[in-house]
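Report on one structure; see the data block that follows.
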Amino acid sequence: MQKPETISLYEFFAKFPNEEAARLFFEEKRWGVTKCCPHCGSLSVSECKDHKPMAYRCKDCRKHFSVRTGTMLEESRLPLQKWLMAIYMMTIARKGIPSTQMARELGITQKSAWFLAQRIRESWFAKSNGGSNGGLDNVVEVDETFIGGKEKNKHASKKLNQGRGGVGKAIVIGVKERGGAVIAQTISNTNSKTLKEFIYRNVNSGATVYTDNFKSYRGIVGYTHGTVNHSVGEYVKHQVHTNGIESFWALLKRGYYGVYHYMSHKHLHRYVSEFSFRHNTAQIGTMQFIEATLNHMTHQRLTYKRLINA
Ligand SMILES: [Zn+2]
169 MQKPETISLY EFFAKFPNEE AARLFFEEKR WGVTKCCPHC GSLSVSECKD HKPMAYRCKD
229 CRKHFSVRTG TMLEESRLPL QKWLMAIYMM TIARKGIPST QMARELGITQ KSAWFLAQRI
289 RESWFAKSNG GSNGGLDNVV EVDETFIGGK EKNKHASKKL NQGRGGVGKA IVIGVKERGG
349 AVIAQTISNT NSKTLKEFIY RNVNSGATVY TDNFKSYRGI VGYTHGTVNH SVGEYVKHQV
409 HTNGIESFWA LLKRGYYGVY HYMSHKHLHR YVSEFSFRHN TAQIGTMQFI EATLNHMTHQ
469 RLTYKRLINA
């Protein structure tokens with residue numbers, strides 16, 4: 169397998185030395201060579217002198233616009249170069265990056281850094297749930313894991329009885345194709361209906377599915393189903409094991425406990441997406457990664473209000 173091409177911080181700044189270079193990059197990714205009015209779709213566009221009040225004006229609807237208009241960048245006043253730096257930092261930090269560090273390095277407040285990172289993650293989240301080309305195939309491993317805070321710090325009324333695994337913890341389910349992609353998401357319980365729906369949605373029928381022998385997995389149809397019984401120390405039964413998805417959980421938890429210290433349940437799904445996205449894009453280079461992120465970013469928006477209410 170070819171080694172993905174990473175770029176150094178030095179190369180990054182050579183590519184994007186200033187705001188102008190960053191803007192041209194965003195514009196090229198959004199429009200290619202022909203700018204298109206985001207208000208009415210017209211291609212008849214003129215550039216404004218000194219880019220005031222905005223960079224472009226539509227000759228048909230006469231409205232002004234910039235590369236931010238109609239995207240998740242619209243409400244942000246941060247320079248585009250800082251957006252690119254943030255994406256770059258999140259791209260190369262394989263275990264994630266705390267918002268305090270991002271704030272320091274970008275020279276912005278922690279609140280701004282946090283919001284910036286959440287919006288970048290949101291664009292990855294949209295990718296992983298875009299239903300691009302169907303589900304996983306061949307041999308896949310399915311497993312759930314529990315992530316969460318210390319039980320003694322919680323009020324009795326907040327304790328959740330989730331049955332298997334632990335009380336008051338968030339549950340994440342994931343599927344991993346052998347040697348391939350991971351799809352993971354948070355779920356509210358581990359009953360049979362929930363687990364099966366996840367499998368049916370994300371694994372193509374005809375695939376071979378390996379799980380442990382938890383009762384909720386019994387009776388999945390449309391697959392060759394193999395189980396491994398962890399409780400009797402039977403961890404690897406020839407090909408039947410779930411070591412791949414378990415390694416993914418180990419990485420996710422290292423991020424949780426090591427870098428972020430605490431992820432609130434409310435935002436956990438974004439972190440899960442972040443880790444899945446990084447895993448699934450481990451073989452692509454830094455610039456392709458940045459371009460993929462930008463591509464999603466310029467086609468969606470996320471307001472602060474929606475984010476904090478999510
Ligand atoms: Zn227009």
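Heads up: the sequence shown runs through residues 169 to 478, numbered per the working numbering. Just so you know, even glycine gets a beta-carbon here, dropped at the ideal spot from N, CA and C.
Ligand 1 heavy atom lying under 6 Å from the CB of residue i
| i | result |
| --- | --- |
| T208 | Sequence inspection shows Cys at residue 208; the Thr mentioned does not correspond to that position. C208 Cβ: within cutoff of ligand 1. |
| D305 | no |
| C204 | no |
| C216 | no |
| D228 | yes |
Supposed contact pair residue j and residue i - C-beta distance, whole angstroms, cut 8 Å
| i | j | result |
| --- | --- | --- |
| G412 | K364 | Wrong, their Cβ atoms sit about 20 Å apart, outside the cutoff. |
| N178 | I458 | Residue 178 is actually Tyr in this sequence, not Asn. 16 Å between Cβ atoms; not a contact. |
| L248 | F194 | 5 Å |
| V308 | V371 | 5 Å |
| A352 | L436 | With 8 Å as the limit, A352 and L436 do not qualify as a contact, their Cβ atoms being about 11 Å apart. |
| K250 | L211 | About 30 Å; that fails the 8 Å criterion. |
| F416 | G342 | 6 Å |
| N306 | A375 | 6 Å |
| M465 | I175 | Not confirmed; about 19 Å, so no contact. |
| G394 | Y378 | 5 Å |
| S441 | W292 | 5 Å |
For residue i, the three-state DSSP class (helix, strand or coil)
| i | result |
| --- | --- |
| H398 | helix |
| E173 | coil |
| L304 | strand |
| D311 | strand |
| H409 | coil |
| Q456 | helix |
| V389 | coil |
| T268 | helix |
| H132 | No answer is possible for residue 132: it lies beyond the span of the chain, which begins at 169 and ends at 478. |
| I276 | coil |
Outcome for residue i when other beta-carbon atoms lying within 10 angstroms are tallied against a minimum of 16
| i | result |
| --- | --- |
| C208 | exposed |
| K326 | Reliability of the predicted coordinates at K326 is poor, the pLDDT of 37 falling under 50, and the value obtained from them is presented with this limitation in mind. K326 comes out exposed. |
| Q407 | exposed |
| F172 | A small fix is needed here, since residue 172 is Pro in this sequence, not Phe. It is exposed - the Cβ of P172 has fewer than 16 other Cβ atoms within 10 Å. |
| K203 | buried |
| G423 | buried |
| R287 | buried |
| S444 | buried |
| V201 | exposed |
| T392 | exposed |
| A478 | For A478, the predicted model reports a pLDDT of 43, less than 50, meaning its position is unreliable; a value from the coordinates is still stated below. Per the 10 Å Cβ criterion, exposed. |
Residue-level contact to chain B via CB, residue i, 7 Å cutoff
| i | result |
| --- | --- |
| H437 | Among the chains of the structure shown, chain B does not appear; only one protein chain is present. |
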